[in-house]
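Notes for the one structure printed next.
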């Protein structure tokens with residue numbers, strides 16, 4: 001029996017500030033953008049696998065306000081990467097992190113049985129649903145924040161600034177750390193971050209299941225690790241690949 005696709009959610013946005021209003025009051029423009037970021041990174045929506053539709057008109061509104069803010073807010077010297085790009089980048093980082101933190105809680109809460117034990121098979125299903133929606137959001141963000149990436153992120157990277165990453169890489173790093181509990185570069189555990197979701201995926205991957213749906217779910221979860229740049233070795237340890245796989 002075919003599964004019905006989840007209904008999509010259309011991003012609703014209030015009237016954006018005009019370019020003139022953005023130049024006159026950048027703080028209000030940034031607040032408007034932050035509201036949009038919060039909508040885009042809704043962990044509840046992602047956990048339900050509900051795709052977000054950003055109408056072209058709304059997309060252009062967000063892009064225009066980003067452009068206006070970045071070009072308006074600059075350092076006093078006028079040199080170096082635009083300060084406004086940093087404001088937006090760090091706001092984006094906070095929202096992606098908050099989304100993944102909430103997503104992790106949702107995954108674990110929805111798969112814990114009455115005895116307190118986690119249903120690992122169910123966990124992998126919920127994990128995959130959240131991951132698929134997160135990938136879709138990452139693709140949207142990669143386009144939406146292209147101006148910030150070009151005029152702020154890449155210049156910061158060229159100047160060897162630490163903790164600044166390309167938009168797609170930023171999403172992957174935060175997912176690895178907040179959802180899986182491992183450092184994206186080394187594959188080592190992040191201090192104070194539980195590894196229970198990663199262990200559940202590894203446990204399901206080690207089973208000899210005959211159920212086609214279970215096998216497909218495990219393959220999707222393991223594929224997500226490849227996209228993040230990881231793979232399981234024969235001994236079950238997590239290995240960092242030289243190059244992450246494309247989703």
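Residue numbers (UniProt numbering): 1 to 247.
The beta-carbon is built from N, C-alpha and C at its ideal position, and this holds for glycine as well.
In this text, all values refer to a predicted model and were calculated from it rather than measured experimentally.
ask   = Based on the DSSP secondary-structure assignment, which residues constitute the bridge partners of residue 182?
value = 189
Problem - Nearest residue (CA-CA) to residue 193, options 141, 225, 203 and 101 - result: 101
Determine whether the beta carbon atoms of residue 54 and residue 33 lie at a separation below 8 Å. no
Based on DSSP bridge pairs, tell me the residues matched to residue 10. 53
**Asked** Taking residue 154 as the reference, which of 234, 121, 85 and 14 has the closest Cα?
**Response** 85
Next item on the list: Write down every uninterrupted run of the alpha helix (DSSP H) in the region 190-235 whose length is 4 residues or greater and which is fully enclosed by it, in chain order.
Entry: 196-205 and 212-228
*For the 8 Å Cβ check, are there 3 or more pairs between the region 214-225 and the region 186-205?*
yes
Locate the alpha helix (DSSP H) running through residue 96, then write down its first and last residues.
-> 83-109
Which one or two residues does DSSP pair with residue 118 in a beta bridge? 112
Task: For residue 238, three-class secondary structure by DSSP - done: strand
Would you please state the rounded distance, in angstroms, between the beta carbons of residue 135 and residue 149? I believe it to be under 8 Å.
Not confirmed; about 18 Å, so no contact.
Beta-carbon proximity list for residue 106, same chain, < 8 Å, skipping 5 on both sides
43, 44, 47, 126 and 130
Among 175, 57 and 158, the one whose alpha carbon lies nearest that of residue 14: 57
Are there 16 or more other CB atoms within 10 angstroms of the CB of residue 233, so buried, or fewer, so exposed? exposed
Would you mind sorting residue 239 into buried or exposed? The rule is 16 or more other CB atoms within 10 Å of its CB. exposed
Which same chain residues end up closer than 6 Å to residue 8 when comparing Cβ atoms and leaving out the 5 residues on each side of it in sequence? 51 and 53
I need the straight-line Cα distance from residue 59 to residue 144, nearest angstrom please. 7 Å
- Query: Assuming residue 69 contacts residue 88 under a Cβ cut-off of 8 Å, what Cβ separation, rounded to an integer in Å, is found between them?
  - Reply: 7 Å
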